[in-house]
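Residue numbers (my numbering): 1 to 856.
The following block contains the structure:
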């Protein structure tokens with residue numbers, strides 16, 4: 001039944017619900033959640049900025065209460081209430097959310113900790129300078145206007161933005177059945193990409209990475225890997241690995257702390273702290289003693305204090321693994337293109353912005369051309385009036401009304417109604433000679449302007465040049481340095497990407513303390529100098545080992561029990577010259593009564609080299625380097641020792657070196673390493689030198705083709721250099737010959753090693769004194785001599801160890817090393833198979849002994 005007031009329509013409830021939900025969905029998609037590809041704004045954001053524009057809240061001007069701004073926006077354009085408008089306004093002013101904030105806020109606008117902003121009645125705001133670039137041409141018919149919700153006023157459908165806002169500030173939103181998550185980018189890089197695409201429209205998405213390096217988050221941090229950046233450039237979707245910035249600092253008390261100064265984008269700092277605290281409580285991370293938030297005006301500073309028994313680098317890796325300090329950012333380039341939601345590529349984003357700006361320039365040009373022609377029309381009327389000034393004045397005076405005067409002027413001088421009205425409205429001062437000249441000048445300038453505007457309106461290439469110029473002007477105004485660093489790392493991120501591969505000195509004391517220091521902590525001293533105090537040792541401790549390596553190298557520790565442990569150099573705490581260091585037992589898990597006796601540094605286990613080891617009782621053993629590439633928590637067996645024997649040294653060889661073994665009583669034996677066949681890790685080795693009664697081996701060195709010189713240093717600080725050729729090759733297992741006379745002046749032999757003229761020498765004494773001097777100042781003398789003084793020792797002090805510091809490699813050496821590493825990488829898979837085979841053989845090869853291969 002129907003009547004004049006009511007109409008009954010029959011429909012299925014399912015169809016009605018479906019249509020209602022679709023209407024609601026499209027309203028959310030188009031009018032709320034998704035940004036427009038042209039100006040990068042959602043309707044609520046656009047309405048807030050337009051309301052501020054109408055309030056004349058220009059940069060450098062006065063602030064207005066946010067309650068006023070929210071009220072005007074809600075009352076005039078966005079009918080969803082002030083409490084909905086205000087959070088959007090706040091976000092546009094937060095520098096940790098917006099790469100280039102569009103609103104300048106005054107008052108409490110929240111914090112990166114998650115603190116809420118103050119109520120809108122307490123805060124104030126105005127527009128930023130960069131926002132003016134989005135609103136500047138609204139009055140030049142550059143965009144269409146539409147009626148507001150109650151049709152009482154007009155609002156722009158889009159801003160004529162010079163700023164590629166969608167790219168530089170990104171956007172995020174959840175609609176119905178779809179979501180957008182677009183990262184911000186650097187404005188300078190985006191402007192360069194726009195200019196490059198204008199110059200060469202054939203550029204592909206991958207080519208654009210030369211200009212836009214990737215996202216540039218306002219909170220800085222790192223983006224790990226470039227593959228996903230290229231992916232979202234090409235497809236509009238990608239998954240970026242984002243990581244905060246953290247460094248390790250050491251205070252005056254040698255206490256290490258992890259300092260976090262940048263966190264991943266859109267991460268709440270308080271939530272990060274809470275997560276770290278929970279990880280400590282759950283004992284998933286052990287070694288943190290305190291967490292302090294020292295953030296302030298100078299920026300973020302989150303301090304995580306590390307226990308003295310822990311390794312800061314390991315804890316930092318655990319933070320990256322278990323906390324939000326390393327997270328992911330899923331890119332979805334979803335936006336409205338001609339009112340339709342689309343996932344777009346980087347080139348699509350740039351092309352749409354370019355075409356939008358081109359249309360803006362065209363509409364602006366036509367608007368300015370129309371105004372110029374209208375003004376020219378009036379000036380032409382002025383010129384006619386000025387040429388017939390007396391007659392025009394007489395005509396006006398004879399007319400009874402303005403309308404009659406207008407009609408008479410049009411009839412007598414051929415003027416239009418607009419020109420006649422302009423003449424009637426002209427002030428008498430315009431009749432002076434100076435004013436007449438101004439009219440003529442303006443007329444000529446307008447002719448030039450109109451010609452130029454017509455050319456621009458007729459030629460697309462001229463309009464594109466304007467777009468390019470205005471875009472690059474934007475870069476010059478607002479361009480800044482990147483905040484986010486993009487690394488080449490792919491997959492899991494390693495600490496090595498943050499640690500420079502610098503040369504370091506590593507020292508190990510008798511009681512098992514280790515530290516690393518930069519090379520420049522030692523000053524070069526002349527031979528015989530007193531030296532400087534190298535370490536603040538505790539009582540009865542002394543430096544036992546000192547060597548030079550790099551941060552990214554491995555150190556293989558060989559212990560007195562014949563076991564091998566490995567560690568990365570950067571995992572060793574860096575300390576000052578006077579610091580004691582950290583106990584090795586806190587870095588490596590030793591067995592009972594196990595002490596470090598030897599070491600080697602390794603860049604890659606894929607090198608086809610060997611580890612040559614010797615024992616106190618004169619045994620020698622050679623094993624493949626790759627056999628040591630799979631360490632275990634408690635270490636692995638490197639050599640099987642006889643009762644009463646211990647490992648004293650280990651070196652890397654290339655299977656064509658000569659081995660020199662030196663004994664405490666000053667004897668040495670030189671033989672070729674091929675005399676000792678390759679063996680598995682669980683073997684005992686063969687005899688290298690036959691010892692005299694009471695003697696034992698104190699050092700081993702490797703010589704290749706008699707290169708370099710052999711340096712022998714006695715316990716009392718005397719030493720000498722001798723050509724390597726003076727040490728004749730004999731045979732493995734012989735008794736050897738005298739290398740340094742062990743007189744009362746010299747004392748027993750302390751160390752023997754190979755050196756080059758370009759090396760520096762560092763001598764360490766039992767009481768912790770260190771001297772650094774050039775090797776070339778030590779005179780060469782014959783093998784069977786006493787040597788000269790190298791260091792002046794204090795009473796009851798003796799030489800404990802020496803190490804050579806090699807000069808920096810030249811370009812040729814670097815090229816050779818790069819070529820070698822390339823060859824090693826090419827054979828990596830083959831070596832890995834061999835490593836696995838050797839691991840399986842470890843349980844088989846265990847019966848070889850020195851007696852089986854003894855040569856008297």
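Cβ coordinates follow ideal geometry from the N, Cα and C atoms, glycine included.
The criterion of a C-beta distance shorter than 8 angstroms is satisfied by residue 126 and residue 59. Three or more beta-carbon pairs separated by less than 8 angstroms link the stretch 739 to 753 to the stretch 712 to 727, which places the two stretches in contact. Per the C-alpha coordinates, the member of 31, 383, 407 positioned closest to residue 443 is 383.
Counting the other CB atoms within 10 Å of its CB gives residue 185 a total of 16 or more, which places it among the buried residues. Looking at the DSSP output, residue 650 sits in a beta bridge with 613.
When the Cα atoms are used, residue 650 and residue 669 turn out to be separated by approximately 16 angstroms. Counting other Cβ atoms within 10 Å of its Cβ, residue 44 reaches 16 or more and is therefore classed as buried. For residue 317 and residue 287, the gap between their C-alpha atoms comes out near 12 angstroms. One thing to note: residue 614 has its Cβ no nearer than 8 angstroms to the Cβ of residue 737. Here residue 591 is exposed. Its C-beta has fewer than 16 other C-beta atoms within 10 Å.
Assigned with DSSP and collapsed to three states, residue 325 falls in coil, not helix or strand. For residue 16, the enclosing alpha helix (DSSP H) stretches over residues 13 to 28.
By the C-beta density criterion, residue 62 is exposed, having fewer than 16 other C-beta atoms within 10 angstroms. As far as DSSP is concerned, residue 626 takes part in no beta bridge. Annotated three-state conformation of residue 578 is coil, per DSSP.
Partner residues in the beta bridge of residue 670, as assigned by DSSP, are 660. Contact between residue 462 and residue 351 is ruled out by a C-beta separation of about 19 angstroms, above the 8 angstroms threshold. Contact between the stretch 383 to 398 and the stretch 499 to 509 is not established, with fewer than three Cβ pairs separated by less than 8 angstroms.
In the DSSP assignment, residue 223 falls within the beta strand (DSSP E) that extends over 222 to 224. Per the coordinates, the alpha-carbon of residue 117 lies some 8 angstroms from the alpha-carbon of residue 90. DSSP places residue 192 inside the alpha helix (DSSP H), whose first and last residues are 187 to 199. Residue pairing by DSSP places residue 791 opposite no residue, since no beta bridge is assigned to it. Around the Cβ of residue 681, a 10 Å sphere holds 16 or more other Cβ atoms; the residue is buried. Residue environment for residue 171: buried (at least 16 other C-beta atoms within 10 angstroms of its C-beta). In terms of CA proximity to residue 589, 557 leads the group 120, 576, 557. Looking from the CA of residue 571, the closest CA among 344, 35, 248 belongs to 248. Between residue 612 and residue 271, the alpha-carbon positions lie close to 52 angstroms from each other. Per DSSP, reduced to three states, the secondary structure at residue 74 is helical.
Ranked by Cα distance from residue 476, the first of 733, 188, 452 is 188. Counting along the chain, the unbroken alpha helix (DSSP H) around residue 45 starts and ends at 43 to 54. Between residue 269 and residue 115, the C-beta gap is not smaller than 8 angstroms, which leaves the two residues out of contact. Secondary structure at residue 342: strand, using DSSP grouped into helix, strand and coil. Rounded to whole angstroms, the gap between the alpha carbons of residue 311 and residue 305 is 11 angstroms.
Each residue's CA atom was taken as its position, placing residue 515 and residue 776 some 28 angstroms apart. Counting the other CB atoms within 10 Å of its CB gives residue 86 a total of 16 or more, which places it among the buried residues. Taking C-beta atoms as the reference points, residue 165 and residue 339 fail to come closer than 8 angstroms.
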